[in-house]
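Each residue of the sequence shown is one higher than the one before, starting from 13 at the first, in the working numbering.
Glycine included, C-beta positions come from ideal geometry on N, C-alpha and C.
Down below is the structure, laid out as structure tokens.
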Amino acid sequence: MAKIDELIFGSIVVEGKKYRRDILLFADGTVKKRKGGFLMFGSHKVKKQELEELSQGQPEIIIVGTGTNGAAHIAPEAGSWAKGKNLSLLVQPSYDAVTRLNELVEQKKKVAVLIHITC
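What follows is the structure in structure tokens.
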């Protein structure tokens with residue numbers, strides 16, 4: 013599992029590589045740029061399909077970083093889907109989400125994360 017080196021408004025660094033888009037970080041350490049939304053700035057609504065994609069690696073927990081000011085949110089159908097699948101879902105502002113991800117990686121937990129890098 014990869015750790016996040018740095019998050020600043022508009023960019024994120026994972027294992028030394030800088031991204032200027034929201035990312036999906038899978039339990040196996042694979043990083044994927046988030047699709048859709050407002051091009052560079054990403055969508056403020058986390059969709060069910062995104063959680064489904066993150067769950068494919070069977071993480072112990074999925075973390076959603078809702079932005080540097082917490083402006084993003086989970087779509088109602090996404091939250092219902094996660095609850096129905098008994099997924100452990102942690103939703104918090106992105107700076108807190110990065111800290112929690114790195115702590116869980118240190119504990120050798122299998123984690124997947126979506127990080128919104130702006131607002």
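At the C-beta level, S100 and E72 come within 9 Å of one another. For A90, the enclosing alpha helix (DSSP H) has its first and last residue at 88-96. In the displayed model, K121 falls within coil according to three-state DSSP, outside both helix and strand. For D17, the three-state secondary structure derived from DSSP is strand. Shown here, Q61 sits in a helix according to DSSP, grouped into three states. Inclusion of K122 and G79 in the CB contact set at 9 Å is not warranted, their separation being larger than that value. In this structure, I127 sits near I24, with a CB-CB distance shorter than 9 Å.
The DSSP-derived three-state label of S23 is strand.
Beta-bridge partners assigned by DSSP to Q104: G77. One alpha carbon belongs to Y31, the other to K95, and they sit about 30 Å apart.
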